[in-house]
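Asker: First to last, the protein sequences are chains A and B.
So for the first sequence, our numbering puts the first residue at 832; every next one is plus one.
So for the second sequence, our numbering puts the first residue at 20; every next one is plus one.
Beta carbons are placed, not taken as given, at the ideal position from N, Cα and C, and that holds for glycine.
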Amino acid sequence: KAGVTQTPRYLIKTRGQQVTLSCSPISGHRSVSWYQQTPGQGLQFLFEYFSETQRNKGNFPGRFSGRQFSNSRSEMNVSTLELGDSALYLCASSPGGGVTDTQYFGPGTRLTVL
Amino acid sequence: AQSVTQLGSHVSVSEGALVLLRCNYSSSVPPYLFWYVQYPNQGLQLLLKYTTGATLVKGINGFEAEFKKSETSFHLTKPSAHMSDAAEYFCAVSDWGGSQGNLIFGKGTKLSVKP
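1. Comparing the C-beta of Asn902/A with each C-beta of chain B, is any distance below 8 Å?
2. Considering just the uninterrupted stretch of the beta strand (DSSP E) at Phe895/A, what are its terminal residues?
3. Classify Lys77/B: buried if its beta carbon has 16 or more other beta carbons within 10 angstroms, exposed otherwise.
4. Can you name the residues that DSSP bridges to Ile843/A?
5. For a cutoff of 8 Å on Cβ pairs, would you count Thr943/A as touching chain B?
6. Between which two residues does the beta strand (DSSP E) harbouring Met907/A extend?
7. Nearest to Gly834/A by CA position, among Ser855/A, Thr845/A, Asn908/A and Tyr880/A, is which residue?
8. Does Thr884/A come within less than 8 Å of chain B when only Cβ atoms are used?
9. Using three-state DSSP, classify Asp104/B as helix, strand or coil.
10. State yes or no: is the beta carbon of Gln21/B nearer than 8 Å to at least one beta carbon in chain A?
11. Is the beta carbon of Leu945/A within less than 7 Å of some heavy atom of the ligand COA?
12. Determine the chain A residues that contact Gly62/B at a beta-carbon separation under 7 Å, and present them in chain order.
13. Taking the C-alpha atoms as reference points, what is the distance between Ala105/B and Val30/B?
14. Where DSSP assigns a beta bridge to Ser45/B, which residues make up the other side?
15. Tell me Asp114/B's beta-bridge partners as DSSP assigns them.
16. Let me check understanding here. Comparing Cα to Cα, which of Phe895/A, Asn890/A, Lys844/A and Ala923/A lies closest to Phe881/A?
17. Quick check: the segment 930-939 of chain A against the segment 87-95 of chain B, are at least 3 beta-carbon pairs closer than 8 Å?
18. Name the DSSP beta bridge partners of Thr74/B, please?
19. In terms of residue numbering, what span does the beta strand (DSSP E) encompassing Lys68/B cover?
20. Helix or strand or just coil, what does DSSP make of Gly873/A?
21. Considering only DSSP beta bridges, list what Glu85/B is partnered with.
22. Please confirm whether Phe109/B and Phe124/B have their CB atoms less than 8 Å apart.
23. From Phe876/A to Arg846/A, what does the alpha carbon distance come to, in whole angstroms?
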């Protein structure tokens with residue numbers, strides 16, 4: 832099976848712009864989670880989608896949003912970009928998002944905000 | 020609420036030496052624990068996980084971890100380090116509080132392997 836794919840791999844934006852990142856999960860996986868990774872804060876959970884519904888959300892401002900499509904592909908959007916949004920954004924998929932499920936991670940999208 | 024603490028942000032070992040990466044967790048419910056590895060410019064790859072059953076868990080690439088409830092620990096070990104083990108390692112616990120299995124990660128431990 833193909834792994835989790837994320838596009839684009841790299842992005843450079845300027846403050847105030849908005850950005851959309853895309854994630855395609857492993858075939859058959861219905862849960863998609865997003866994480867932000869920074870040197871200072873480490874890996875932090877953004878949100879999780881299952882069957883097109885957001886089931887869980889981390890402690891991030893409303894500028895961070897996401898959605899999931901009927902084929903389980905997911906996008907996340909960040910509006911009004913700030914310098915502090917520069918990070919590696921990782922997407923992970925799992926069959927059902929249960930507490931014992933293994934999450935399979937994509938390679939990430941590295942976002943740089945200038 | 021669950022949390023994870025990884026002792027040592029950097030660990031350096033010689034090739035062939037024992038690798039020991041420490042992880043302690045805090046959880047008021049049965050913890051489900053994971054170790055992931057991240058190579059430069061890549062995503063995270065699962066090494067092993069503990070859910071229930073045997074407390075000694077074997078993973079890929081010769082790694083293993085032992086769940087010790089009395090010590091609230093889940094340390095990762097490998098008997099003999101290889102140069103290819105140089106990477107960053109993350110311990111994580113499933114977040115029950117979020118009602119689904121999203122992960123709470125430790126800060127990570129960067130492993131260096133000296134020839």
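Answerer: The structure says:
1. no
2. Phe895 to Gln899
3. exposed
4. Thr943/A
5. no
6. Ser905 to Val909
7. If we check each option's Cα against that of Gly834/A, Ser855/A comes out closest.
8. no
9. helix
10. no
11. The ligand content of the structure shown is nil, which means the ligand COA is not present either.
12. Leu921, Phe936, Gly937, Pro938 and Gly939
13. 10 Å
14. Ser22/B
15. Asn121/B
16. Ala923/A
17. no
18. The partner list for Thr74/B (beta bridge, DSSP) is empty, contrary to what the question assumes.
19. Leu63 to Tyr69
20. strand
21. Leu75/B and His94/B
22. yes
23. 23 Å
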